[in-house]
Amino acid sequence: MTGVKFERQGLDEALAYVRPGDIFIVWKLDRLGRSLKDPIETLDLLQERGVDFISLTEKIDTATPGGKLIFHLMGALAEFERDLIRERTNAGLAAARARGRVGGRPRKATDGKVALAQHPYQDSKHSIAEICSMLEISRATFFRYVKGVRKAPGLQK
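If you count the sequence shown from 1, position 33 lands on 37 in the working numbering, and the numbers rise without skipping.
What follows is the structure, given as C-alpha coordinates:
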(Lines of atoms letter the chains of each structure in order from A and count residues from 1; the text may use other names and numbers.)
(Lines give C-alpha, C1' and ligand atoms only; values in the text may rest on other atoms or scores of the structure.)
Protein backbone atom coordinates (compact mmCIF):
# COMPACT_ATOMS: atom_id res chain seq x y z
CA MET A 1 0.00 0.00 0.00
CA THR A 2 1.16 3.51 -0.69
CA GLY A 3 0.09 6.87 0.67
CA VAL A 4 -1.10 8.07 -2.72
CA LYS A 5 -4.85 8.75 -2.80
CA PHE A 6 -5.69 6.76 -5.94
CA GLU A 7 -3.91 3.66 -4.61
CA ARG A 8 -5.96 3.34 -1.38
CA GLN A 9 -7.84 0.27 -2.61
CA GLY A 10 -5.71 -2.13 -0.54
CA LEU A 11 -6.05 0.03 2.57
CA ASP A 12 -9.80 0.32 2.12
CA GLU A 13 -10.11 -3.46 1.72
CA ALA A 14 -7.99 -4.07 4.83
CA LEU A 15 -10.05 -1.60 6.87
CA ALA A 16 -13.26 -3.30 5.75
CA TYR A 17 -11.85 -6.69 6.81
CA VAL A 18 -10.71 -5.87 10.37
CA ARG A 19 -12.80 -6.96 13.35
CA PRO A 20 -12.73 -6.00 17.04
CA GLY A 21 -9.69 -7.48 18.74
CA ASP A 22 -7.60 -7.54 15.53
CA ILE A 23 -4.23 -5.84 15.23
CA PHE A 24 -3.70 -3.67 12.13
CA ILE A 25 0.02 -3.67 11.24
CA VAL A 26 1.76 -1.38 8.73
CA TRP A 27 5.42 -1.09 7.83
CA LYS A 28 5.47 2.69 8.04
CA LEU A 29 2.90 5.22 9.25
CA ASP A 30 3.06 7.31 6.06
CA ARG A 31 1.47 4.37 4.20
CA LEU A 32 -1.85 5.44 5.72
CA GLY A 33 -1.99 8.78 3.94
CA ARG A 34 -0.23 11.74 2.41
CA SER A 35 -0.96 14.32 5.09
CA LEU A 36 -0.80 14.08 8.86
CA LYS A 37 -4.60 14.12 8.94
CA ASP A 38 -5.09 10.87 6.99
CA PRO A 39 -3.27 8.51 9.41
CA ILE A 40 -4.96 10.18 12.38
CA GLU A 41 -8.40 9.61 10.84
CA THR A 42 -7.51 6.01 10.02
CA LEU A 43 -6.24 5.39 13.56
CA ASP A 44 -9.43 6.96 14.98
CA LEU A 45 -11.48 4.60 12.82
CA LEU A 46 -9.48 1.60 14.02
CA GLN A 47 -9.84 2.69 17.64
CA GLU A 48 -13.64 3.05 17.23
CA ARG A 49 -13.78 -0.51 15.88
CA GLY A 50 -11.74 -1.89 18.79
CA VAL A 51 -8.72 -2.65 16.60
CA ASP A 52 -5.17 -2.09 17.87
CA PHE A 53 -2.58 -0.56 15.57
CA ILE A 54 1.14 -1.21 15.15
CA SER A 55 3.56 0.69 12.94
CA LEU A 56 6.79 -1.30 12.66
CA THR A 57 9.11 1.53 11.58
CA GLU A 58 7.94 4.14 14.12
CA LYS A 59 7.38 1.48 16.80
CA ILE A 60 3.88 2.73 17.60
CA ASP A 61 1.62 0.20 19.31
CA THR A 62 -1.75 1.57 20.44
CA ALA A 63 -2.21 -1.45 22.72
CA THR A 64 0.42 0.08 25.05
CA PRO A 65 0.18 3.31 27.07
CA GLY A 66 3.27 4.69 25.27
CA GLY A 67 1.75 3.92 21.88
CA LYS A 68 -1.47 5.65 22.86
CA LEU A 69 0.56 8.67 23.99
CA ILE A 70 2.34 8.86 20.64
CA PHE A 71 -0.99 8.51 18.87
CA HIS A 72 -2.54 11.39 20.83
CA LEU A 73 0.55 13.56 20.32
CA MET A 74 0.19 12.99 16.59
CA GLY A 75 -3.47 13.98 16.83
CA ALA A 76 -2.47 17.21 18.55
CA LEU A 77 0.11 17.87 15.83
CA ALA A 78 -2.50 17.25 13.13
CA GLU A 79 -4.87 19.73 14.76
CA PHE A 80 -2.01 22.24 15.07
CA GLU A 81 -1.25 21.77 11.35
CA ARG A 82 -4.91 22.41 10.43
CA ASP A 83 -4.95 25.56 12.57
CA LEU A 84 -1.77 26.85 10.91
CA ILE A 85 -3.21 26.23 7.45
CA ARG A 86 -6.44 28.03 8.41
CA GLU A 87 -4.46 30.94 9.86
CA ARG A 88 -2.26 31.26 6.75
CA THR A 89 -5.30 31.06 4.47
CA ASN A 90 -7.12 33.81 6.38
CA ALA A 91 -3.98 35.98 6.40
CA GLY A 92 -3.59 35.49 2.64
CA LEU A 93 -7.23 36.43 2.01
CA ALA A 94 -6.90 39.53 4.20
CA ALA A 95 -3.72 40.58 2.37
CA ALA A 96 -5.45 40.09 -0.99
CA ARG A 97 -8.42 42.20 0.16
CA ALA A 98 -5.99 44.91 1.32
CA ARG A 99 -4.52 44.92 -2.20
CA GLY A 100 -8.02 45.39 -3.61
CA ARG A 101 -8.62 41.83 -4.77
CA VAL A 102 -12.11 40.51 -4.29
CA GLY A 103 -12.69 36.80 -3.95
CA GLY A 104 -15.42 34.78 -5.51
CA ARG A 105 -16.84 34.53 -8.96
CA PRO A 106 -17.14 37.76 -10.97
CA ARG A 107 -20.67 39.17 -11.24
CA LYS A 108 -22.41 38.16 -14.44
CA ALA A 109 -24.71 41.16 -14.44
CA THR A 110 -23.03 44.53 -14.11
CA ASP A 111 -24.87 47.51 -12.64
CA GLY A 112 -25.38 48.75 -16.21
CA LYS A 113 -26.99 45.49 -17.29
CA VAL A 114 -29.24 45.51 -14.22
CA ALA A 115 -30.38 49.05 -15.06
CA LEU A 116 -30.96 48.06 -18.70
CA ALA A 117 -33.00 45.06 -17.58
CA GLN A 118 -35.16 47.00 -15.14
CA HIS A 119 -36.72 49.40 -17.65
CA PRO A 120 -38.17 46.87 -20.12
CA TYR A 121 -39.15 44.65 -17.19
CA GLN A 122 -41.03 47.46 -15.42
CA ASP A 123 -42.67 48.61 -18.64
CA SER A 124 -43.75 45.05 -19.52
CA LYS A 125 -42.70 45.65 -23.13
CA HIS A 126 -40.49 42.56 -23.35
CA SER A 127 -40.68 39.08 -21.94
CA ILE A 128 -38.09 37.94 -19.46
CA ALA A 129 -36.69 35.57 -22.09
CA GLU A 130 -36.25 38.49 -24.53
CA ILE A 131 -34.55 40.66 -21.90
CA CYS A 132 -32.20 37.82 -20.95
CA SER A 133 -31.37 37.20 -24.59
CA MET A 134 -30.65 40.90 -25.25
CA LEU A 135 -28.38 41.22 -22.22
CA GLU A 136 -26.83 37.74 -22.60
CA ILE A 137 -27.70 36.65 -19.08
CA SER A 138 -29.59 33.62 -17.78
CA ARG A 139 -33.05 33.73 -16.22
CA ALA A 140 -31.49 32.86 -12.85
CA THR A 141 -29.10 35.82 -13.13
CA PHE A 142 -31.99 38.06 -14.18
CA PHE A 143 -34.07 37.13 -11.15
CA ARG A 144 -31.07 37.33 -8.81
CA TYR A 145 -30.37 40.97 -9.73
CA VAL A 146 -33.71 42.36 -10.92
CA LYS A 147 -36.03 40.44 -8.60
CA GLY A 148 -38.63 42.60 -6.92
CA VAL A 149 -38.64 45.38 -9.52
CA ARG A 150 -42.08 44.46 -10.89
CA LYS A 151 -44.19 43.06 -8.07
CA ALA A 152 -47.64 42.72 -9.61
CA PRO A 153 -48.77 39.07 -9.39
CA GLY A 154 -49.09 37.10 -12.62
CA LEU A 155 -46.84 39.36 -14.64
CA GLN A 156 -44.06 36.85 -15.17
CA LYS A 157 -43.67 36.56 -18.88
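Virtual Cβ for every residue (Gly too), placed ideally from N, Cα, C. Values in this document were obtained by computation on a predicted structure and should not be read as measured data.
When the five nearest sequence neighbours on each side are left out, the beta carbons in the same chain lying within less than 8 Å of the beta carbon of Leu81 are those of Leu40, in order along the chain. As for any alpha helix (DSSP H) of minimum length 4 sitting wholly inside the segment 54-118, the runs are 69-102, ordered along the chain.
Per DSSP, Ile141 lies in no beta strand (DSSP E) segment and is marked neither H nor E. At the C-beta level, Lys32 and Thr68 stay beyond 7 Å of one another.
When the beta-carbon positions are compared, Phe75 and Leu50 stay at least 7 Å from each other. Under a 10 Å Cβ-count criterion, Ile64 is classified as buried, with 16 or more other Cβ atoms of the shown protein chains found around its own Cβ. Pro43 is classed as buried because its beta carbon has at least 16 other beta carbons within 10 Å across all chains shown.
Within its own chain, the residues whose Cβ lies closer than 6 Å to the Cβ of Val30, once the five positions on either side in sequence are excluded, are Ser59, listed in chain order.
Restricting attention to Ser128, Ser131, Val106, Gly25, the CA atom closest to the CA of Glu52 is found in Gly25. Here the alpha carbons of Ile132 and Arg143 stand approximately 7 Å from one another.
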